[in-house]
Amino acid sequence: MRHALLVNPFNPNSGPRPTASPNTSQRDTRFAPVCARCQSDDLICHAIAQWSNRSQQWELANTFDQPVHCNSCDSQCTVAWQPLNWR
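For the sequence shown, position 58 (counting from the first letter as 1) is numbered 58 according to the UniProt record's numbering, and the numbering increases by one without interruption.
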């Protein structure tokens, strides 16, 4: 594979990612991208996936720096990161 690292499909400058509380390790805290306007997690982003022979799965290769689209608002959106409460 030519891409050593996976690219985040969401603009990393779309807002600060929340940090884990001091009592929780970073590995235990999971986040979900949601629409900053309506809090929906029904988001899409155009991307290219590339097959990895090493991991035997599809891996994200490129996201074209295009905005995220919220299907609930039916418009472009800013991404907010919400901690997930399930384990």
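We put the CB at the ideal spot given by N, CA and C, even for glycine.
Is the beta carbon of Q76 sitting closer than 8 Å to the one on C45? By 1-based counting over the sequence shown, the position of residue 76 is 76. By 1-based counting over the sequence shown, the position of residue 45 is 45. C45 is positioned such that its CB atom lies no closer than 8 Å to that of Q76.
Considering only residues of the same chain and omitting the five flanking positions on each side of I48, which have a CB-CB separation below 6 Å? The residue given as residue 48 occupies position 48 in the sequence shown. Contacts found: A61, N62.
Out of Q56, C70, R30, N85, which one is the CA nearest neighbour of L43? Counting from 1 along the sequence shown, the entry for residue 43 is found at position 43. Each of Q56, C70, R30, N85 was checked against the Cα of L43, and the nearest Cα belongs to C70.
Cα-Cα separation, D41 to T78: Residue mapping note: residue 41 aligns to position 41 of the sequence shown, counting from 1. Residue mapping note: residue 78 aligns to position 78 of the sequence shown, counting from 1. Distance between the alpha carbons of D41 and T78 is about 12 Å.
Contacts around S72, its chain only, beta-carbon distance under 6 Å, and the 5 residues preceding and following it disregarded: Residue 72 sits at position 72 when you count from the first residue of the sequence shown. Sequence-distant partners of S72 (beyond 5 residues in either direction) whose C-beta falls short of 6 Å from its own C-beta, in its chain, are C38, S40, D42.
What is the rounded straight-line gap between the Cα of F64 and the Cα of F31? For the purposes of this step, residue 64 is identified with residue 64 of the sequence shown, where counting begins at 1. For the purposes of this step, residue 31 is identified with residue 31 of the sequence shown, where counting begins at 1. Rounded to the nearest whole angstrom, the C-alpha separation of F64 and F31 is 23 Å.
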